[in-house]
Amino acid sequence: IADEKDPQAKQQHLFYAEQLLAAINDPDGVQLVIRESQDFSRSSKVNIRVVTITLLSSFCKKAKGTYQDSIDDLIRICINLLNDDNEQVLNTAWDCIDTIIKDMDQLELQKRLPVVRQALRSAQSNSRERGRLVGLCLPKKGIGCILPIYKECILNGPPELRESGANGLNEAINLSDAEALKSSIMNVTGPLIRVLGERFSTDIKVAILETLSTFMAKVGVQLKPFLPQLQPTLLKGLNDPARQVRVKAGNALGLLSQIHVRIDPIFVELLNGLKMNDDPSFKETFLLALKNCLAAVASKLSDDMKKQTEQSLINCQSNESDVVRQTALSCKEILLSSS
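Residues in the sequence shown are numbered from 2 upward in steps of one, following our numbering.
Structure, rendered in structure tokens:
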């Protein structure tokens, strides 16, 4: 089929091949399809890879229920092809993953997290573009084909799976780009905010905040509609008992300040937190958050807010804690250099 030059004849051959594949319903036949697809998907000839993923995609659509025991292998084949240099291969592989995953129930989605993470790492290691997987950068598609797996694990999985799901989502976001991620903003941000608002372990919160920071750094101003939910969520994180969570929340707040239209209210909250907390460890993390925000937007502060901030920092410099005094001094240097 791959070598057929006549387009009409090629389409006819593909049609007959698709009909043949759709009729396969025994385990041995499915395994044969998987083995052949694995071999041909690695071909150096693009026309062979195109035909392979075209037929595999058709098989996954028409032979549902027959390949349940081979889903991991199918996912590996398709994710590996997200590193292809042919646009048709990329789009068809993406669609094939979407077909395989979209009808899965909750437990099935949760079971697939390890294979997706491993397959993405493998594809990344062979990627033609460092730190980027072209199949996850397709406009209007992005990470959408694998997002249901992360979303399900983050929202409904047991604790260790929630953490792994957040870390996996972070990995996928890192391999995509801002334009491609645009289509997933709602489905990424919503679950992350929801989990941060509930009582979970430090490890889960840290993983969620790390992922949220990665996402904010990627999509930037596209998150403006979520500012009313993000700001209080991150400010709440600054009062978490665990220092790791407070530091991550402060990092995310620094990124948030870059896309905020009105930044003075963020600083009001941070200065109030500094004033209300006597515990040096909490003061330090509020100062770290303030430092992140100052580094991002100090020049955009109103004169009145600059004066209030400077006075708060002067007060902190008389604190008994060396760490608090040093961090306050660092903040003050950034503030004064912006004037």
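Glycine is no exception: its CB is placed at the ideal position from the N, C-alpha and C atoms.
Predicted, not measured: the structure shown is a model, and the values here were computed from it.
State the DSSP-derived secondary structure class of residue i, mapped to helix, strand or coil.
| i | result |
| --- | --- |
| residue 122 | helix |
| residue 154 | helix |
| residue 263 | coil |
| residue 162 | helix |
| residue 72 | helix |
| residue 1 | Residue 1 lies beyond the stretch modelled for the chain, which goes from 2 to 340, so this question has no answer here. |
| residue 277 | helix |
| residue 332 | helix |
| residue 198 | coil |
| residue 243 | coil |
| residue 86 | coil |
| residue 313 | helix |
| residue 105 | coil |
| residue 143 | coil |
| residue 176 | coil |
| residue 320 | coil |
| residue 138 | coil |
Under the DSSP definition of a beta bridge, which residues are partnered with residue i?
| i | result |
| --- | --- |
| residue 133 | 130 |
According to the Cβ coordinates, are residue i and residue j closer than 7 Å?
| i | j | result |
| --- | --- | --- |
| residue 208 | residue 161 | no |
| residue 253 | residue 288 | no |
| residue 297 | residue 335 | no |
| residue 324 | residue 317 | no |
| residue 188 | residue 231 | no |
| residue 243 | residue 203 | yes |
| residue 143 | residue 181 | yes |
| residue 150 | residue 116 | no |
| residue 250 | residue 235 | yes |
| residue 146 | residue 99 | yes |
| residue 120 | residue 134 | no |
| residue 216 | residue 174 | yes |
| residue 58 | residue 31 | no |
| residue 18 | residue 54 | no |
| residue 107 | residue 153 | yes |
| residue 307 | residue 246 | no |
| residue 90 | residue 50 | yes |
Touch check for the stretch 188-206 and the stretch 124-141: three-plus C-beta pairs under 8 Å?
no
Mind the definition here: the stretch 110-125 touches the stretch 60-71 only if three or more C-beta pairs lie below 8 Å; say whether that holds.
Result no; under three Cβ-Cβ pairs closer than 8 Å.
For the stretch 13-70, list the beta strand (DSSP E) runs that are entirely contained and at least 3 residues long, ordered along the chain.
none
Evaluate the contact criterion for the stretch 317-336 versus the stretch 292-308: three or more CB pairs, one atom per stretch, below 8 Å.
yes
I'd like to know if the stretch 268-276 and the stretch 220-227 are in contact, where contact means that at least 3 CB-CB pairs between them fall below 8 Å.
As far as the Cβ criterion goes, the stretch 268-276 does not touch the stretch 220-227, which means the pair count is below three.
At a cut of 8 Å, does the stretch 37-47 reach the stretch 18-26 through at least three beta carbon pairs?
The stretch 37-47 and the stretch 18-26 do not touch, with fewer than 3 CB-CB distances between them shorter than 8 Å.
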